[in-house]
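Chemist: Structure incoming, see below.
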């Protein structure tokens, strides 16, 4: 086999970080992990031995919040003082350029102001631009960590809530000049704004001059019949032979379930020889719900809380899982960690919540990513 | 000894050996025939030429070069210039307005160079001329640079050196801009041309100032 072909068959480097804690533990960092992952395109949860969703969980699922798609929005609109004071400083404003590819196009993302951890990402605009754009733009940045020896990609970070970033400052004028006059960049943006007590529609009226559309996340429900589920033990992250499966095995199995892979390993099937890890039990039914859209971490925390509340009444299920996929082309994964694509651009995390409210958190990234927190 | 060689043979000896003395004409004819026979490839004229005797001095002749007197350099050496700071622009003269006439002059020069900038003129021709033209006095803007802080700097070129431009900005600041890795734009009468700094990396002496 020739060398390039062999290289294609090799699995690129990928990371899976697992941690275990209790939801009610005072130092549990599950909420911070969710908040740190700003751009989520798909949320799916799997509840074994469940036919109908309880009412509170259902209402959270159906109310994942609107998001907006603005076409051809000039980037300097996002650094305008009115926008910063109206949205960035008052609530959590999320923006991500849409249909831009992280490995070849310019990409922009606005990280929200995080009121829970004021020192961490505070309203930053992150631009991932190619070499030519960077040279023309005239804004200071740093080379991308994954662009190789000859640097072809740069990351520019603009702190919008910096005290020195007011309308008279030299810094602000320079940024505005660069984005408006020097090299006008335009993107289609996915926008969302989270502010307690306010409606997202203010965002719509603010950008009424541009083409703006409101979207609802798409929800699909399905009930899986006769599903073989691995047996898990909350204390055994590594798994024990003959007693429970490891976190890694579960992760693999979940991937197979979400993508509807047949798990029975029939002798005439040549597509997949995968089967459920041992030990396993047969479930009569399992409830699988998938939400796709531009989903805010705040909503995911609500969903996670409701999933924990699922165990308030006695239930048959031993555990439930919540999987969140990040945008493959977003310039960041967790917080400001750089994200790249290479082969899949995957950045996702998975919660396994046990009946005792212990949880496992698995965070996975692909080849061109910093290690998850 | 010499006398003995060059003296005539005594008559007695000639009679004894049977040698007849030849007349001068006969001798000449004999020599000609002899030479012709021994060097058949040579032409007659060449042989004749050899026979016209030329004085050859058999002595080694040393040609001595005359030492040229070195011309005294009129100017200063580069080191002296540097020490005297001849090419430094004094801070009080770093004024944008001061150099506006230079800019007017440069515009005039470019118009002459391109035979009057007409809108229908070929941009390619103007470009090649601009690339070779003297840029002192031009208003340039850095449009692309590997270092982002240079981008957007505008000013009149005061000095050009092999690797840098010295320009004065509207804020009356003197800035030194390297040519390498930078792209400059020059605007004149509606023509905007981009000049890649790395292409003008010639020392000024070799620049064609036609």
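Protein chains in written order, with this note's numbering: chain X, 588 to 960; chain Z, -11 to 198.
The beta carbon of each residue, even a glycine, is placed where N, CA and C say it ideally should be.
Grouping DSSP H, G and I as helix and E and B as strand, with all else coil, what is residue 912/X?
Modeler: DSSP places residue 912/X in strand when its eight states are reduced to three.
Chemist: Using CA coordinates, which residue listed in 624/X, 669/X and 896/X is at the minimum distance from residue 696/X?
Modeler: Cα-wise, what sits closest to residue 696/X is 624/X.
Chemist: Beta carbon of residue 916/X, beta carbon of residue 688/X: below 8 Å?
Modeler: Yes, Cβ-Cβ distance for residue 916/X and residue 688/X is below 8 Å.
Chemist: For residue 903/X, which three-state DSSP category applies?
Modeler: Coil at residue 903/X, not helix or strand.
Chemist: Residue 140/Z CB to nearest chain X CB: under 8 Å?
Modeler: Cβ-Cβ to chain X under 8 Å: yes for residue 140/Z.
Chemist: The alpha helix (DSSP H) spanning residue 141/Z covers which residue range?
Modeler: Premise fails: residue 141/Z is in no alpha helix (DSSP H) and is neither H nor E.
Chemist: Within a Cβ cutoff of 7 Å, which residues of the same chain sit near residue 663/X, ignoring the five residues on either side of it in sequence?
Modeler: Within the same chain, residue 663/X has close Cβ partners 763, 766 and 767.
Chemist: Do residue 782/X and residue 678/X have their C-beta atoms within less than 8 Å of each other?
Modeler: Yes; because the gap between Cβ atoms is below 8 Å, this pair is in contact.
Chemist: Could you spell out the range, first to last residue, of the beta strand (DSSP E) harbouring residue 773/X?
Modeler: Segment 773 to 781, the beta strand (DSSP E) holding residue 773/X.
Chemist: List the residues of chain Z that residue 727/X touches, going by C-beta distances under 8 Å, in chain order.
Modeler: Those are 136 and 137, listed as they occur along chain Z.
Chemist: Since residue 599/X contacts residue 771/X with CB under 8 Å, what's their CB separation in whole angstroms?
Modeler: Actually they do not touch by this definition, with Cβ atoms about 36 Å apart.
Chemist: Taking any Cβ of chain X, which residues in the segment 175 to 186 of chain Z have a Cβ under 8 Å from it, in chain order?
Modeler: Within the segment 175 to 186 of chain Z, no residue has a Cβ that lies closer than 8 Å to any Cβ of chain X.
Chemist: Would you tell me roughly how many angstroms separate the C-alpha atoms of residue 810/X and residue 607/X, rounded to the nearest one?
Modeler: Approximately 28 Å, taken between the alpha carbons.
Chemist: What in chain X is Cβ-close to residue 132/Z, meaning under 7 Å?
Modeler: In chain order: 722 and 723.
Chemist: Let me check one thing: in DSSP terms, what residues is residue 171/Z bridge-paired to?
Modeler: In the DSSP output, where bridge partners are listed per residue, residue 171/Z has 132/Z and 184/Z.
Chemist: Classify residue 22/Z: buried if its beta carbon has 16 or more other beta carbons within 10 angstroms, exposed otherwise.
Modeler: Burial call: exposed.
Chemist: Output needed for residue 109/Z: all residues of its chain with C-beta closer than 7 Å, excluding positions within five of it in sequence on either side, in chain order.
Modeler: Cβ within range, chain order: 102.
Chemist: Can you name the residues of chain Z whose CB is closer than 8 Å to the CB of residue 575/X?
Modeler: The structure shown does not extend to residue 575/X, since chain X is modelled only from 588 to 960, so the question has no answer here.
Chemist: With DSSP as the reference, please indicate the residues paired to residue 875/X in a beta bridge.
Modeler: The partner list for residue 875/X (beta bridge, DSSP) reads 633/X and 809/X.
Chemist: In the DSSP assignment, what residue or residues form a beta bridge with residue 609/X?
Modeler: Its beta-bridge partners are 945/X.
Chemist: By how many angstroms is the C-alpha of residue 855/X removed from the C-alpha of residue 837/X?
Modeler: So the alpha carbons of these two residues sit roughly 25 Å apart.
Chemist: Please state the DSSP three-state secondary structure of residue 157/Z.
Modeler: Note: residue 157/Z maps to strand in three-state DSSP.
Chemist: Would you tell me roughly how many angstroms separate the C-alpha atoms of residue 114/Z and residue 918/X, rounded to the nearest one?
Modeler: Whole-angstrom Cα-Cα distance: 43 Å.
Chemist: Could you compute how far the alpha carbon of residue 658/X sits from the alpha carbon of residue 792/X?
Modeler: Computed Cα separation, rounded: 15 Å.
Chemist: Could you check which residue in 72/Z, 140/Z and 189/Z has the C-alpha nearest to that of residue 152/Z?
Modeler: Answer by Cα proximity: 189/Z.
Chemist: For residue 187/Z, count neighbouring Cβ atoms within 10 angstroms of its own Cβ and tell me buried if that reaches 16, exposed if not.
Modeler: Exposed, because fewer than 16 other Cβ atoms sit within 10 Å of the Cβ of residue 187/Z.
Chemist: By DSSP, does residue 110/Z sit in helix, in strand, or in coil?
Modeler: The answer is coil: DSSP assigns residue 110/Z none of H, G, I, E or B.
Chemist: Looking at C-beta atoms only, is the number of pairs between the segment 123 to 139 of chain Z and the segment 722 to 731 of chain X that lie closer than 8 Å three or more?
Modeler: Because the criterion of three Cβ pairs below 8 Å is met, the segment 123 to 139 of chain Z and the segment 722 to 731 of chain X touch.
Chemist: Buried or exposed: residue 686/X, going by 16 or more other Cβ atoms within 10 Å of its Cβ?
Modeler: So residue 686/X counts as exposed.
Chemist: Counting only runs that start and end within the segment 624 to 680 of chain X, where is the beta strand (DSSP E) found for 3 or more residues in a row?
Modeler: Runs of the beta strand (DSSP E) inside the segment 624 to 680 of chain X: 627 to 635 and 654 to 661.
Chemist: What number of angstroms, rounded off, separates the C-alpha of residue 196/Z from the C-alpha of residue 179/Z?
Modeler: The predicted position of residue 196/Z is uncertain, since its pLDDT is 45 and thus under 50; no value can be drawn from it.
Chemist: If you count every other CB in all the chains shown that lies within 10 Å of the CB of residue 27/Z, and 16 or more means buried, which is it?
Modeler: Classification for residue 27/Z: exposed.
Chemist: For the segment 799 to 815 of chain X against the segment 859 to 873 of chain X, do three or more pairs of beta-carbon atoms, one drawn from each stretch, fall closer than 8 Å, so that the two count as touching?
Modeler: Result yes; three or more Cβ-Cβ pairs closer than 8 Å.
Chemist: Would residue 693/X and residue 913/X be called neighbours here (beta carbons separated by less than 8 Å)?
Modeler: Not a contact, by the Cβ cut-off of 8 Å.
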